[in-house]
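**Student:**
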Amino acid sequence: MTKAELVVKIAEKANLTKANAERALNAFLETVESTLVSEGKLTLTGFGTFAVELRKARVGRNPRTGLELKIPETKVVKFRPGKILKDAVK
1 MTKAELVVKI AEKANLTKAN AERALNAFLE TVESTLVSEG KLTLTGFGTF
51 AVELRKARVG RNPRTGLELK IPETKVVKFR PGKILKDAVK
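Residue numbering for the sequence shown follows UniProt numbering, beginning at 1 and increasing consecutively.
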């Protein structure tokens with residue numbers, strides 16, 4: 001599903017215009033982003049938890065040349081689904 005398709009679904013379910021649904025979705029996404037930047041964790045009870053974690057530095061390999069290279073540590077966003085979401089997907 002694309003963002004545009006998601007906006008249409010939100011508009012239908014919430015009885016909103018597409019423009020209002022898109023503004024709501026963008027506001028949600030911006031809030032998730034700013035919360036992860038400032039706090040590092042966002043929990044939506046029943047749905048899941050977004051968390052910023054540190055991926056350690058490691059040695060990788062260039063697939064084209066076979067040469068080893070160092071990959072620096074970096075922050076990544078991980079998502080862990082909640083019980084309600086897990087049960088719905090089963």
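From the three backbone atoms N, C-alpha and C, an ideal C-beta is built for every residue, glycine too.
By a C-beta neighbour count over all protein chains shown, 10 Å radius and 16 as the cutoff for buried, is V7 buried or exposed?
**Tutor:** Burial call: buried.
**Student:** Beta-carbon within less than 7 angstroms of F47's beta-carbon, same chain only, minus the 5 sequence neighbours each way: which residues are those?
**Tutor:** G82, I84 and L85
**Student:** From this set, V89, K90, R80 and M1, which residue's C-alpha is nearest L44's C-alpha?
**Tutor:** R80
**Student:** Quick one: measure Cβ to Cβ for K75 and V52, integer angstroms, because I've assumed they're closer than 8 angstroms.
**Tutor:** 5 angstroms
**Student:** What is the DSSP secondary structure of R23, counted as helix, strand or coil?
**Tutor:** Residue state, collapsed to three classes: helix.
**Student:** Residue range of the alpha helix (DSSP H) that L16 falls in?
**Tutor:** First-last for L16: undefined, no H or E at that position.
**Student:** Does the separation of the CB atoms of A21 and A11 fall below 7 angstroms?
**Tutor:** yes
**Student:** Who does A51 pair with in a DSSP beta bridge?
**Tutor:** K41 and K78
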